[in-house]
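Residue numbers (numbering that gives the first Met the number 0): 0 to 156. Since the structure comes first, as structure tokens, the remarks are kept for the end.
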Amino acid sequence: MSTSGLDQLSREHGEAGRRIRAMLAAAGRLRREPDAGALTATGEALAYFERDFVEHMAREDRGMLPTLDAVFGEWCALPAWMRREHVEIRAKLRDVRKAFDRAGGVEADRLEPLVSEVERLAALLTIHFHREDAWLYPIARQVLSAEQWAVIEKAAA
Ligand SMILES: [Fe+2]
Ligand SMILES: [Fe+2]
Numbered sequence: 000m001s002t003s004g005l006d007q008l009s010r011e012h013g014e015a016g017r018r019i020r021a022m023l024a025a026a027g028r029l030r031r032e033p034d035a036g037a038l039t040a041t042g043e044a045l046a047y048f049e050r051d052f053v054e055h056m057a058r059e060d061r062g063m064l065p066t067l068d069a070v071f072g073e074w075c076a077l078p079a080w081m082r083r084e085h086v087e088i089r090a091k092l093r094d095v096r097k098a099f100d101r102a103g104g105v106e107a108d109r110l111e112p113l114v115s116e117v118e119r120l121a122a123l124l125t126i127h128f129h130r131e132d133a134w135l136y137p138i139a140r141q142v143l144s145a146e147q148w149a150v151i152e153k154a155a156a
């Protein structure tokens, strides 16, 4: 069975985890000792999630999740649950972007809303990865056939 698409998605969770830690570290600096470097680092992490991670979720939405729907039908709520979390994560990314654009500089009163939104985004992402790594990906590895993986990888390409 070819599960290289799944291995790739798992590696992307690893990269996203490193970006979350970098984003939280930068946001922590914004709270304690704001400087332009911390604001830039927060913006870079945000741009990564808006670009690469939105694309990661879109590949899951196109490939693995509909394939699992087809296998399980309605009795497994996990694919629908993960799709709802993708919607929440995209909405939270928009909140963080708004807070980032409003911050505009390193004045403390504008930074706190940004730091809070970054912390909410980090929590949502971390919980989502845990659910996918612990439940979704092992289930997909177990139940999907080589033919289904071929379809998933085509959808992801
Ligand atoms: Fe996901
Ligand atoms: Fe994922």
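By construction, the Cβ of each residue, glycine as well, lies at the ideal position given by its N, Cα and C atoms. Because the structure is a prediction, the values reported are computed rather than measured.
- A straight line joining the alpha-carbon of leucine 5 with that of leucine 77 spans about 16 angstroms.
- With a contact defined as Cβ atoms closer than 8 angstroms, aspartate 60 and arginine 93 miss out at about 17 angstroms.
- Under the three-state reduction of DSSP, serine 144 is assigned to coil, being neither helix nor strand.
- Taking 8 angstroms as the cut-off, the Cβ atoms of methionine 22 and threonine 39 do not count as close.
- Per DSSP, reduced to three states, the secondary structure at glutamate 32 is coil, with no helix or strand assignment.
- By the Cβ criterion, the region 112-121 is in contact with the region 15-29, since at least three pairs of Cβ atoms, one from each stretch, lie closer than 8 angstroms.
- Counting only heavy atoms of ligand 1, the residues whose C-beta sits closer than 6 angstroms to one of them are, along the chain, Met56, Glu59, Met81, His85, His127, Glu131.
- Take the alpha-carbon of isoleucine 88 and the one of threonine 125: they are about 11 angstroms apart.
- Cα atoms of lysine 91 and histidine 129: separation of roughly 18 angstroms, rounded to the nearest angstrom.
- Taking the Cα positions, glutamine 7 is about 14 angstroms away from alanine 149.
- Apart from the 5 residues on each side of it in sequence, alanine 139 sits with its Cβ closer than 7 angstroms to the Cβ of Leu5, Met63, Leu67 in its chain, given in chain order.
- Approximately 5 angstroms separates the beta-carbon atoms of alanine 44 and arginine 18; this is inside 8 angstroms, confirming the contact.
- With a 10 Å radius around the Cβ and a threshold of 16 neighbouring Cβ atoms, alanine 37 comes out buried.
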